[in-house]
Amino acid sequence: MAAPLRIALAGLGTVGGGVIRLIETNGSLIARRAGRPLEIVAVCARDRGKDRGVDLARYQWEDDMTLLAERDDVDVVVELVGGADGPALALARRALAGGKALVTANKAMIAHHGMELAEAAEKAGVALKFEAAVAGGIPVVKGLREGAAANAIERIYGILNGTCNYILSTMERSGRDFAEVLKEAQALGYAEADPSFDIEGVDAAHKLAILAAIAFGSRIDFAALKIAGIGRIRAADIAQAAALGYVIRLIGLADHDADDAGRLFQRVQPCLVPLAHPLAAVDGPTNAVVAEGNFAGRLLFQGAGAGDGPTASAVVADLIDIARGDTGAPFSVPVAQLDALAPADPGHRRNRAYLRFTVTDRAGVLAEITAAMRDAGVSIESLIQQGRPEEGGEVLVAMVTHEGPESRVAHALELLEGSPSLTEVPLVMPLLA
3 MAAPLRIALA GLGTVGGGVI RLIETNGSLI ARRAGRPLEI VAVCARDRGK DRGVDLARYQ
63 WEDDMTLLAE RDDVDVVVEL VGGADGPALA LARRALAGGK ALVTANKAMI AHHGMELAEA
123 AEKAGVALKF EAAVAGGIPV VKGLREGAAA NAIERIYGIL NGTCNYILST MERSGRDFAE
183 VLKEAQALGY AEADPSFDIE GVDAAHKLAI LAAIAFGSRI DFAALKIAGI GRIRAADIAQ
243 AAALGYVIRL IGLADHDADD AGRLFQRVQP CLVPLAHPLA AVDGPTNAVV AEGNFAGRLL
303 FQGAGAGDGP TASAVVADLI DIARGDTGAP FSVPVAQLDA LAPADPGHRR NRAYLRFTVT
363 DRAGVLAEIT AAMRDAGVSI ESLIQQGRPE EGGEVLVAMV THEGPESRVA HALELLEGSP
423 SLTEVPLVMP LLA
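Under this note's numbering, think of the first position of the sequence shown as 3, with each following residue one higher.
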């Protein structure tokens with residue numbers, strides 16, 4: 003058997019500990035599949051004395067993680083520290099510049115610096131792998147890069163954040179409102195103490211930007227991605243969606259719009275998903291990605307999107323690929339061949355939409371809203387008004403539009419902007435086709 007693949011591991015949190023346990027538990031199986039053993043030789047973390055439930059005595063310790071990239075006895079650096087910039091990025095740059103392969107679970111770093119790191123990896127002739135950065139243990143990056151490599155991907159979309167999916171599906175089952183379910187998710191460990199990256203959609207957007215680059219052969223343009231989170235969704239919205247035959251899910255969606263001069267559309271936003279759609283059945287802290295290929299058709303990738311076991315599994319799968327000698331282009335094609343696609347104008351997109359208005363309970367409000375829709379050319383399919391006397395006489399007005407350009411809905415909301423009848427900004431969610 004060939005010489006071991008020698009690994010330096012930065013970050014010994016939940017995932018880092020999981021990587022060590024996985025290699026220890028399945029070491030002989032991994033060696034047979036990789037054609038050589040995987041051997042951790044050095045580690046680094048913030049607190050050397052912390053008990054992590056694994057024996058670290060057999061590994062060399064580095065207090066400065068960037069020194070892991072300088073070691074002569076290391077072939078590949080695994081970065082599990084996190085953060086778009088700072089020490090993680092410094093380590094990644096130094097590892098690649100030093101001719102060492104890099105495996106990372108750091109979605110933010112890849113979304114913001116992936117092009118730079120891919121160029122460095124290609125220049126050095128080493129691998130850059132990031133399967134664990136998107137959807138935990140689900141092999142969606144490998145599925146797009148390899149399994150669907152012969153296909154032109156027409157659309158990619160899915161549930162990319164387990165925290166949001168747990169909150170929404172729990173609201174669905176229990177009828178409780180957002181704030182209460184968020185507290186429960188934090189108590190159970192499904193949400194961070196500061197959950198803003200999750201609930202505001204940023205975490206899902208990082209993942210979508212990476213998937214879009216692979217799916218459409220484009221350079222990552224995170225700044226062009228439109229993001230809306232789930233913090234404004236109420237139990238009443240969940241109930242109304244159910245009455246219409248839908249569930250609400252936070253969906254990241256990207257497509258290459260041939261009708262819009264080949265521009266790239268990317269958005270993370272709560273959507274109404276029809277009950278017959280595969281994503282409607284995805285509940286709890288689960289991720290699922292749908293890719294639509296022009297020959298393969300609809301492909302569904304589903305599984306645990308986080309956790310020590312699933313994420314460690316993705317990290318070690320990348321290490322096995324490196325042990326086998328896979329140093330292919332990180333984003334399927336060389337960086338120089340990736341297209342710099344301009345962002346698509348969402349106003350050109352046609353869909354049905356759910357709109358919810360929170361208004362004062364007085365005469366004429368409904369007429370004001372419907373007049374704005376009429377003047378903007380928005381056709382209303384259904385409309386529901388629900389009083390809420392327990393909250394000071396506010397009324398919820400919910401409607402579903404017929405299919406039409408998003409620009410018309412945006413224009414209607416502009417006509418209503420500043421109206422004293424509206425007590426908060428209207429909520430708009432597309433209906434997923």
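Note that CB positions come from ideal geometry on N, CA and C, so glycine has one too.
- For Glu41, the enclosing beta strand (DSSP E) starts and ends at Leu40 to Cys46.
- When DSSP states are grouped into helix, strand and coil, Glu383 belongs to the strand group.
- Taking Gly379 as the centre and dropping the five residues before and after it, the same chain places the C-beta of Arg410 closer than 6 Å to its C-beta, in chain order.
- Below 8 Å, too few C-beta pairs join the region 331-341 and the region 11-21 to call them touching: fewer than three.
- Here Leu170 really is in contact with Ile250; their C-beta atoms are around 6 Å apart, less than 8 Å.
- Here Phe267 carries a strand assignment [DSSP, helix/strand/coil].
- Under the DSSP assignment, Asn167 falls in the alpha helix (DSSP H) whose first and last residues are Gly164 to Ser176.
- According to the DSSP assignment, Ala113 belongs to the alpha helix (DSSP H) that extends over Lys109 to Ala126.
- The DSSP-derived three-state label of Lys52 is coil.
- In the DSSP assignment, the residues bridged to Val105 are Val80 and Lys131.
- According to the DSSP assignment, Pro89 belongs to the alpha helix (DSSP H) that extends over Gly88 to Ala99.
- DSSP, read as helix, strand or coil, puts Leu429 in strand.
- Note on Leu277: under 16 other CB atoms within 10 angstroms of its CB, so exposed under the neighbour-count rule.
- With a cut-off of 8 Å on Cβ pairs, the region 280-295 is in contact with the region 145-163, counting three or more such pairs.
- For Val17, the enclosing alpha helix (DSSP H) stretches over residues Thr16 to Thr27.
- The beta carbon of Ala103 sits closer than 7 Å to the beta carbons of Asp77, Val78, Val128, Ala129 and Ile324 from its chain, once the five residues preceding and following it are set aside; these are given in chain order.
- By the criterion of a C-beta distance shorter than 7 Å, Arg265 is surrounded in its chain by Asp259, Leu343, Ala344, Pro345 and Ala346, once the five residues flanking it on both sides are discounted.
- In the DSSP assignment, Phe359 is bridged to Val399.
- Considering only Ala226, Val399, Pro432 and Thr403, the residue with the shortest C-alpha distance to Thr425 is Val399.
- Around the beta carbon of Asn163, 16 or more other beta carbons lie within 10 angstroms, which makes this residue buried.
- Annotation: Thr288 is outside any alpha helix (DSSP H); the continuous beta strand (DSSP E) that includes it extends over Thr288 to Gly295.
- Under the three-state reduction of DSSP output, Phe303 falls in the strand class.
- Taking 3 residues as the minimum length, the beta strand (DSSP E) runs contained wholly in the region 197-278 are 248-259 and 265-276, in order along the chain.
- Distance from the Cα of Ala225 is smallest, within the candidate group Ala241, His208, Ala238 and Gly219, for His208.
- Remark: C-beta atoms of Thr165 and Ala193 approach each other more closely than 7 Å.
- Looking at Val397, Ser423, Glu118 and Gly307, the one whose alpha-carbon comes closest to that of Asn167 is Gly307.
- Between the beta-carbon of Arg326 and that of His404 there is about 53 Å, and that puts the pair past the 8 Å contact cut.
- Rounded to the nearest whole angstrom, the C-alpha separation of Pro432 and Gly20 is 38 Å.
- With a beta-carbon spacing of about 12 Å, Asn108 and Ala92 fall beyond the 8 Å limit used to define contacts.
- Note that the region 234-253 does not touch the region 141-149; fewer than 3 beta-carbon pairs, one per stretch, sit closer than 8 Å.
- If you compare the alpha carbons of Arg48, Asp57 and Leu7 with that of Ala33, the shortest gap goes to Leu7.
- In this structure, Pro280 sits away from Leu255, with a CB-CB distance that is not shorter than 7 Å.
- Between Gln62 and Ala44, the beta carbon gap of about 4 Å places them in contact (Cβ cut-off 8 Å).
- Residue burial annotation: Phe132 is buried, with at least 16 other C-beta atoms found within 10 angstroms of its C-beta.
- Within the DSSP bridge table, the entry for Pro345 names Leu266 as partners.
- Around the Cβ of Pro422, a 10 Å sphere holds fewer than 16 other Cβ atoms; the residue is exposed.
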